[in-house]
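Enquirer:
Residue numbers (the working numbering): 243 to 611.
1) Going by C-alpha distance, which of 301, 259, 363 and 506 is nearest residue 342?
2) Grouping DSSP H, G and I as helix and E and B as strand, with all else coil, what is residue 259?
3) Give me the DSSP bridge partner(s) of residue 270.
4) Grouping DSSP H, G and I as helix and E and B as strand, with all else coil, what is residue 443?
5) Under a three-way DSSP split, which group does residue 531 fall into?
6) If you scan the segment 410-459 from start to end, which runs of the beta strand (DSSP E) of 3 or more residues do you find wholly inside it?
7) Would you kindly work out how many angstroms separate the C-alpha atoms of residue 286 and residue 335, rounded to a whole number?
8) Measuring alpha carbon to alpha carbon, tell me which of 424, 419, 338 and 331 ends up nearest residue 612.
9) Ordered along the chain, which non-local residues of its own chain (more than five positions away) have a Cβ less than 8 Å from that of residue 543?
10) Distance, Cα to Cα, residue 492 vs residue 279?
11) Could you check whether residue 588 and residue 579 sit closer than 8 Å to each other, using their CB atoms as the reference points?
12) Helix, strand or coil: which one does DSSP assign to residue 579?
13) Would you tell me roughly how many angstroms separate the C-alpha atoms of residue 610 and residue 603, rounded to the nearest one?
14) Taking 6 Å as the limit between beta carbons, can you name the residues of its chain near residue 583, skipping five residues before and five after?
15) Can you tell me whether DSSP reads residue 522 as helix, strand or coil?
16) Taking the beta strand (DSSP E) that residue 368 belongs to, which residues open and close that run?
17) On a CA-only basis, which of 439, 574 and 488 is nearest residue 586? Give me that one, please.
18) When the distance is taken between beta carbons, is residue 483 closer than 8 Å to residue 423?
19) For residue 354, does the count of other Cβ atoms within 10 angstroms reach 16, so buried, or fall short, so exposed?
20) Anyone know if the C-beta pair for residue 499 and residue 536 falls short of 8 Å?
21) Three or more C-beta pairs closer than 8 Å, one from the segment 296-315 and one from the segment 435-447: is that the case here?
22) Exposed or buried, what is residue 263 when buried is set at 16 or more other beta-carbons lying within 10 Å of its beta-carbon?
23) In the DSSP assignment, what residue or residues form a beta bridge with residue 327?
24) Only counting the same chain, and skipping five residues up and downstream in sequence, which positions put a Cβ closer than 6 Å to that of residue 529?
25) CA-CA distance, residue 395 and residue 402?
26) If you check the beta carbons only, do residue 522 and residue 427 fall under 8 Å apart?
27) In this structure, how does DSSP classify residue 481 when only helix, strand and coil are distinguished?
28) Whole angstroms are fine: how far does the CA of residue 399 sit from the CA of residue 323?
29) Which term fits residue 320, buried or exposed, when burial requires 16 or more other beta carbons within 10 angstroms of its beta carbon?
30) Name the one or two DSSP bridge partners that residue 297 has.
31) Would you identify the three-state DSSP class for residue 570, choosing helix, strand or coil?
32) Starting from residue 540, follow its DSSP beta bridges and name the residues at the other end.
33) Between the C-alpha atoms of residue 451 and residue 559, what's the straight-line distance to the nearest angstrom?
34) How about residue 326: is its C-beta nearer than 8 Å to some C-beta of chain D?
35) Just to confirm before moving on: does the CB-CB distance between residue 377 and residue 408 stay below 8 Å?
36) Starting from residue 602, trace the beta strand (DSSP E) both ways and give me its first and last residue.
Set out below in structure tokens:
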């Protein structure tokens, strides 16, 4: 696959994934919203705009910031555990989540939030210079800046870096093939397991997300983990959690890691109460009872819910306290030191954990590793 950037990439680039309609409008084909645009209009994501007779990605080459994180923060617990990941996002989003915890970025209608500019190879070079194992497209959904993410992923692969998408999975089939063809891992937010929740709390639909999960699991080699943010009274009933867990086990497989994370009041749901730790523990038990091998809790301190256990012998093979890795008992292939069972995931040499640090980074122009 060839990149689409060019000499003017930092000023925005023509977007892919659109077609003209008979009534003169242009339809964006990137995601299931199918936004139909008159001259000058932007899509629901706000960053894909009709200019003349074409569509432009207005945030190509522009970021809301760069930071080095532990890979477990994405969260990915089975993708090179303990490694550092170079993280960045842009602005805007194609969902309208009332509970968005990055709303100042994802709901931004203000391009002045995009303070940092960087071409794809500059990002890859800087990440390599900081000895990161991977680069993550995160903070806001990378689906909406697919062209920028794809070009950056290609640049990362050229330097031996892995790529990670942190996404809600709301993307149409054609773009989905291109996008995930250059991703090595993905954490997909499965925000709930009812259509009612998706419609009323996110302004979207459940089915396209399930389609993305099925596609990733059965038609790609992308390492997949799933996160569900539990919101009290909205998506945390036993019935819904059991249905979600059974679907993951039956349709995706019992070795797909599932993360249940705690909600903190924010954005339009700032009057709700935080998720009680007991709710996370209950959800984890329901998922384990449904047959899932790897179920985690997040956004709370819960060493048991953060530990990776060997599904064959039950030994803790990765002991965690938050983003601290306290013990690591796997070889370079992810094999349990106690019983020889190979855990699901992407593993390699473990040289120590990056830990809970969050390190802001400035892009070095034309940096070399």
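Backbone N, C-alpha and C fix where the C-beta goes; we use that ideal spot for every residue, glycine too.
Expert: Inspection of the coordinates gives the following:
1) 506
2) coil
3) 260
4) helix
5) helix
6) 427-431
7) 8 Å
8) The chain is shown only over 243 to 611; residue 612 falls outside these bounds and no answer can be derived.
9) 563 and 564
10) 40 Å
11) no
12) coil
13) In this prediction, residue 610 scores a pLDDT of 46, lower than 50, which makes its location untrustworthy; the coordinate-derived value is nonetheless stated afterwards. Taking the straight line joining both Cα atoms gives about 15 Å.
14) 552 and 554
15) helix
16) Looking at the DSSP string, residue 368 is not in any beta strand (DSSP E); the run it does join, the alpha helix (DSSP H), is 362-371.
17) 574
18) no
19) Any reading at residue 354 must be qualified, since the residue scores a pLDDT of 42, below 50, and its modelled position is unreliable; the value itself is stated next. When all chains shown are included, residue 354 counts as exposed.
20) yes
21) no
22) exposed
23) 311 and 376
24) 487, 500 and 537
25) 10 Å
26) no
27) helix
28) 19 Å
29) buried
30) 292
31) strand
32) 503
33) 31 Å
34) Judged by its chain identifiers, the structure shown contains no chain D, having just a single protein chain.
35) no
36) 601-603
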